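Sequences listed follow chains A and B, in order. Positions 324 to 417 (this note's numbering) are the ones given, in order, by the first sequence. Positions 755 to 1006 (this note's numbering) are the ones given, in order, by the second sequence. Contents: one structure, followed by commentary.
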Amino acid sequence: MCTYSIESAEMSGCGKGAEGWFPLSLATVAFDHPSHAQVDHAMLIDFMNPDLGIGSRVAVELTRDSARELVKAIQAALESTMDLEDPAPVGAPV
Amino acid sequence: MWNQWRTDAYNGMTAETVDIKGYNGETINAYYARSLVPGNHPGVVLINHAPGWDEFYRETTRRFAEHGYNAICPNIFYRAGHGTPEEVVAAQRAAGGVKDETVVGDIEGGAKFLKSQPNSNGKVGVFGTCSGGRHGFLVACKSKEFAALVECWGGGVIQPETTPAQPVSPNTLTKDLSCPMLGLFGNDDQRPSPDNVNQHEEELKAAGKNYEFHRYDGAGHGFFYYHAPAYRQQQCMDGWEKIFTFFGKNLA
């Protein structure tokens, strides 16, 4: 199956890549052929900062069930802390 | 084709990355494997799949050279930058996917490069799997450079919707297909689904095109990919027999 599906979202925060922490600006989400996961198709999530070069990337390749569990976990964490004020966006590593 | 050489026959190849002229005359790189066997050779341009300009495609390029072809695989993701294949694929996704028009130009550039080689027999085929199968069909409809097309499970030949990068559903160009075509498909695939393949075949038949389809039970998408769980040994080996028979007939 070729999906060509690509979703993206602007990001604020930091990711730890092959060369350490870097500020994030973008996340892409696709359900397509993985590079490493031993499944035919996977949820491909990349946290990136294209301005810092092609290697500034944190990647995961998840099964559909894992992706659903991740969405639920993120949603639960957000809902359980609704009373907390959102912190200011984090741009650069500290 | 498997083990069909003579043990006393010379064989050899060189394989390397080269620069070629692609879309709009722009320089891109490509992986080129050429036969060293004396005489003139047909050519094959390979179009890589969505997972990238990767090791599978380099090995497949050498496979064609092993069997007497000059084979080249242009880096259709060249404009996304350089890193490991998976990093480049991620950058290409972030850019919204590779544009059809640059792929057509890059693959035509590969054909012109092969035809300019001193040991070319003047005939070039095109081969692609997955998104590369879709691109193969698109290229063979838009270009007159090719004498044969092998489309392996081209996903999105019949597109549910167009996008800025893919502004035309390739099946709408079927009447323009400029060469004989071999299509290989897995019956467990969802894109192209068996219904998609039926429609693809009906449109080729209606347009009076020279085509040959083979559909495999027990196989889904990507059944040549020995590095992935999609691999199906029997269907893969039969598919390669079909490919070498088809190219042997149409590129001699």
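Built from N, CA and C at the ideal position, the CB exists for glycine as well. Everything numeric in this text was worked out from a predicted model, so none of it was measured.
- In the three-state reduction of the DSSP assignment, D942(B) falls in the coil class.
- In chain order, M755, H821 place their CB closer than 8 Å to the CB of F998(B), counting only its own chain and leaving out the 5 sequence neighbours on each side.
- Nearest to G859(B) by C-alpha distance, out of A973(B), R847(B), S870(B), I774(B), is I774(B).
- Against chain B, a Cβ distance below 9 Å from T351(A) picks out A844, R847, A848.
- Proximity of chain B to M371(A) at the Cβ level (cut-off 9 Å) is accounted for by A844, A845, A848, in chain order.
- Identification of chain B residues near I397(A) by a Cβ-Cβ cut-off of 7 Å yields none; the smallest Cβ-Cβ distance measures about 21 Å.
- By the rule that beta-carbons nearer than 8 Å mark a contact, G851(B) touches chain A.
- R888(B) belongs to the set of residues whose beta carbon lies under 8 Å from a beta carbon in chain A.
- Taking a C-beta cut-off of 8 Å against chain A, the contacting residues of the region 977-990 of chain B are A982, P983, A984, listed in chain order.
- Under DSSP, I997(B) shares a beta bridge with no residue.
- Under the Cβ criterion of 8 Å, A400(A) is not counted among the residues facing chain B.
- CA-to-CA, the gap between P796(B) and E899(B) works out to about 13 Å.
- Secondary structure at I830(B): coil, using DSSP grouped into helix, strand and coil.
- Distance from the CA atom of E384(A) to the CA atom of A982(B), rounded to whole angstroms, is 14 Å.
- If you draw a straight line from the Cα of Y823(B) to the Cα of S789(B), it is about 6 Å long.
- Against chain A, the CB of R760(B) has no partner CB under 8 Å away; the residue lies outside that interface.
- For E780(B), the three-state secondary structure derived from DSSP is coil.
- The Cβ atoms of T326(A) and D355(A) sit closer than 8 Å to each other.
- When secondary structure is reduced to three states using DSSP, M991(B) falls in the helix class.
- Taking each of A341(A), V352(A), G338(A), A365(A) in turn and checking the Cα distance to S331(A), the smallest one comes out for V352(A).
- Around R380(A), the beta-carbon contacts reaching into chain B at under 7 Å are E841, A844.
- Contact check between the region 838-845 of chain B and the region 799-807 of chain B: three or more CB pairs, one atom from each, fall below 8 Å, which counts as touching.
- Boundaries for Y965(B): no alpha helix (DSSP H) harbours it, while the beta strand (DSSP E) harbouring it runs 965-970, taken from the DSSP string.
- Counting of Cβ neighbours within 10 angstroms places D854(B) among the buried residues, the total reaching 16 or more.
- By alpha-carbon distance to E780(B), the top candidate from R888(B), V857(B), D930(B), G910(B) is V857(B).
- Boundaries of the alpha helix (DSSP H) harbouring A819(B): 809-820, taken from the DSSP string.
- When DSSP states are grouped into helix, strand and coil, L1005(B) belongs to the coil group.
- Contact of G993(B) with chain A is not assigned, every C-beta pair being separated by 8 Å or more.
- For T768(B), DSSP records a beta bridge to R788(B).
- Rounded to the nearest angstrom, the gap between the Cα atoms of N925(B) and K896(B) is 12 Å.
- For G962(B), the closest C-alpha among the options G976(B), G972(B), G974(B), M935(B) is that of M935(B).
- Every unbroken stretch of the alpha helix (DSSP H) spanning 4 or more residues and falling wholly within the region 865-951 of chain B is given here in chain order: 885-896.
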